[in-house]
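Count the sequence shown with full-length UniProt numbering and you get residues 1 to 238, in order.
For each residue, glycine too, the CB sits at the ideal point set by N, CA and C.
Predicted model only: the values in this text are computed from it and were never measured.
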Amino acid sequence: MHSRLFALPSAEREYINRLCDVLQLIAGTNIVGIYLLGSASQESYVAGESDLDVQMVVDQPLCDAQKQAIIEALSHSYLPCPATKLEFVVYHKAQLRTAQTLHYAINYNTGRTLKKDYVSFDHNNDPRHWFLLDIAMAGNWAITLFGESFNRIFPSIEPSLLLQAMHECLTWFNKHYPDSKDCYQCACRILSYLLRGVMVSKRQSLSEVGLTEQWKSLPAQEFVESVLQQLEAKIAHQ
């Protein structure tokens with residue numbers, strides 16, 4: 001077991017083990033790897049607030065029956081998730097040759113905080129920025145739960161594409177949830193990247209902004225708009 005997993009509560013560790021067992025029963029030797037991403041991999045998981053992000057890569061495309069079996073087996077009603085929710089994504093290995101072909105086979109969200117599960121088998125149903133940013137962040141943090149290591153399988157996200165994904169993400173939040181905590185956190189992470197050139201956890205970026213008088217004194221919406229302007233300037237001068 002990876003040492004960073006011991007930072008998680010025992011219920012979360014047990015859940016992750018059961019999830020991996022279920023996936024191996026269904027997909028078997030077709031599995032290339034199973035990976036833990038997000039706050040749970042970064043030692044910044046907060047019980048009662050954080051979700052669990054798990055991704056799986058398969059060698060050959062899953063048949064419809066296998067997809068349905070995975071959805072049913074991971075459903076919160078069948079395998080209760082101790083986190084706020086499970087965000088689970090499946091890729092075919094061939095779709096990971098480049099960041100431009102990063103098209104998921106399954107995107108599934110389930111958990112106690114959701115009124116109903118979300119499932120999609122078509123990557124066109126969801127904005128690409130979620131997946132690009134997850135993978136870019138995971139390059140330094142992903143925990144391999146089973147199979148080949150994350151960085152051997154997933155493509156690196158080029159800086160220009162990463163900046164585009166950041167812009168798409170913050171613009172999306174600013175349009176749909178302008179006054180939300182998620183919008184502010186997104187802006188904090190982007191600012192940290194613009195200043196340091198590396199992606200950091202939400203918790204670390206919030207701490208960095210909170211320690212900087214220039215930024216913490218700004219109202220949230222002004223801060224978001226300022227980060228957007230800096231991001232657009234960075235993109236324009238690539």
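C-alpha distance - residue i paired with residue j, whole-angstrom precision
i: V54; j: R18; result: 13 Å
i: I157; j: P82; result: 31 Å
i: R152; j: P219; result: 42 Å
i: K93; j: V58; result: 6 Å
i: G28; j: L8; result: 27 Å
i: H103; j: A136; result: 15 Å
i: L96; j: Q164; result: 19 Å
i: E14; j: Q24; result: 16 Å
i: E208; j: N30; result: 42 Å
i: V46; j: N124; result: 31 Å
i: A11; j: Y108; result: 21 Å
i: T113; j: E49; result: 10 Å
i: Y193; j: Y177; result: 22 Å
i: residue 311; j: R4; result: In this structure the chain extends from 1 to 238, so residue 311 is not present and cannot be described.
i: L211; j: G139; result: 27 Å
i: D21; j: F6; result: 19 Å
i: D117; j: L74; result: 11 Å
i: L161; j: Q238; result: 11 Å
i: M56; j: L133; result: 16 Å
i: E213; j: F131; result: 32 Å
Classification of residue i by the beta-carbon crowding that lies within 10 angstroms, buried from 16 upward
i: G33; result: buried
i: Y78; result: exposed
i: V198; result: exposed
i: L195; result: exposed
i: E222; result: exposed
i: Q42; result: buried
i: H129; result: buried
8 Å Cβ shell around residue i - same chain, five flanking residues per side excluded
i: I106; result: L62, K67, I70, I71, F88, V89, V90, V119, S120, F121
i: G111; result: D51, H76, C81, A83, T84, K85, L86
i: L170; result: C183, C186, A187, I190, V224, V227, L228, L231
i: C202; result: Checking the sequence, you will find Lys at residue 202 rather than Cys. Around K202: S39, S44, Q185, C188, R189.
i: K115; result: none
i: H167; result: L228, L231, E232, I235
i: P155; result: L96, R97, T98, A99, L102, I135
i: K175; result: none
i: D179; result: A220, Q221
Other residues of its chain near residue i: CB distance less than 6 Å, five sequence neighbours each side excluded
i: I235; result: L163
i: H2; result: I143
i: S205; result: C188, R189, S192
i: V200; result: S192
Heavy atom of the ligand NAP within 7 Å of residue i beta-carbon
i: H76; result: No copy of the ligand NAP occurs in the structure displayed, which carries no ligand at all.
Contacting residues, own chain, Cβ-Cβ under 7 Å from residue i (five flanking each side not counted)
i: P127; result: E168, W172
i: P159; result: none
i: K216; result: V209, G210
i: G147; result: I31, V32, G33, I34
Stretch-stretch touch, CB-based, cutoff 8 Å, three pairs: the segment 60-69 with the segment 34-44: No, the segment 60-69 is not in contact with the segment 34-44.
Unbroken stretches of the alpha helix (DSSP H), 4 residues or longer, contained in the segment 150-188: 150-153, 159-176
3-residue-minimum beta strand (DSSP E) runs that sit fully inside the segment 63-106, ordered along the chain: You should have 86-92.
Touching by the beta-carbon criterion (3+ pairs, under 8 Å), the segment 180-193 and the segment 223-236: yes
Start-end ranges of the beta strand (DSSP E) lying completely within the segment 17-67, minimum 3 residues: Unbroken beta strand (DSSP E) stretches of 3 residues or longer found wholly inside the segment 17-67: 31-37, 52-58, given in chain order.
Alpha helix (DSSP H) runs wholly inside the segment 112-155, at least 4 long, in chain order: 129-141, 150-153
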